[in-house]
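Numbering (the working numbering), first residue to last: 115 to 272.
We put the beta carbon where it would ideally sit given N, CA and C, even for glycine.
This is the structure:
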């Protein structure tokens with residue numbers, strides 16, 4: 115599988131395609147790295163033939179079909195623009211500003227979305243991420259906010 119050190123130049127165009135692909139829930143960090151390894155860029159993977167996708171590890175016909183339909187029916191620029199209007203800071207796996215501690219885990223996120231002081235991301239020694247479902251309940255959101263607030267008051271970076 116592709117490593118951060120061997121990844122291609124992360125152009126602005128490649129960032130657009132990485133953010134766009136990240137909208138497809140069936141393609142997470144591991145599959146994204148397989149795409150990067152197989153096609154050299156996410157832009158090239160976006161345009162790949164469904165049969166080529168199906169041959170990749172952890173893909174198969176069903177995932178390849180979903181990705182093919184998604185890529186043919188979505189404009190990557192529009193998906194990227196949606197994220198840009200949310201005023202989020204983006205960090206990309208393999209880029210020099212990607213948090214080193216996070217890059218060292220087995221399955222680091224391919225794209226990070228964040229708000230706040232991103233320069234602090236490089237020196238996080240007391241930090242936690244709150245991860246949940248894409249479709250949380252109101253109770254889940256409420257508890258996540260409470261937990262985050264309580265931890266932040268003790269100096270933990272969320």
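(request) For the segment 187-218, list the alpha helix (DSSP H) runs that are entirely contained and at least 4 residues long, ordered along the chain. (result) 190-199 and 214-217
(message) Tell me the residue span of the alpha helix (DSSP H) that contains residue 220.
(response) Taken as a continuous stretch (DSSP letters only), residue 220 belongs to no alpha helix (DSSP H), as it is neither H nor E.
(request) Take the Cβ of residue 245 as the centre, count every other Cβ of all protein chains shown within 10 Å, and call the residue buried at 16 or more, exposed below. (result) exposed
(request) Mind checking which residues open and close the alpha helix (DSSP H) that includes residue 155? (result) No alpha helix (DSSP H) contains residue 155, which DSSP labels as neither H nor E.
(message) Which residue marks the beginning of the alpha helix (DSSP H) containing residue 128, and which one marks its end?
(response) 126-135
(request) Compute the Euclidean distance between the alpha carbons of residue 219 and residue 254, then round it to the nearest angstrom. (result) 26 Å
(message) Among the candidates 181, 176 and 154, whose CA atom is the shortest distance from the CA of residue 134?
(response) 181
(request) Starting from residue 252, trace the alpha helix (DSSP H) both ways and give me its first and last residue. (result) 252-267
(message) Closer than 8 Å is the cut-off here; do at least three beta carbon pairs connect the segment 224-231 with the segment 158-170?
(response) no
(request) Check the Cβ-Cβ distances between residue 202 and every residue of chain D, and say whether any is below 7 Å. (result) Among the protein chains of the structure shown there is no chain D, as only one such chain exists.
(request) Alpha carbon to alpha carbon, how far is residue 146 from residue 179? Give it in angstroms, no decimals. (result) 15 Å
(message) DSSP three-state label for residue 174, please.
(response) helix
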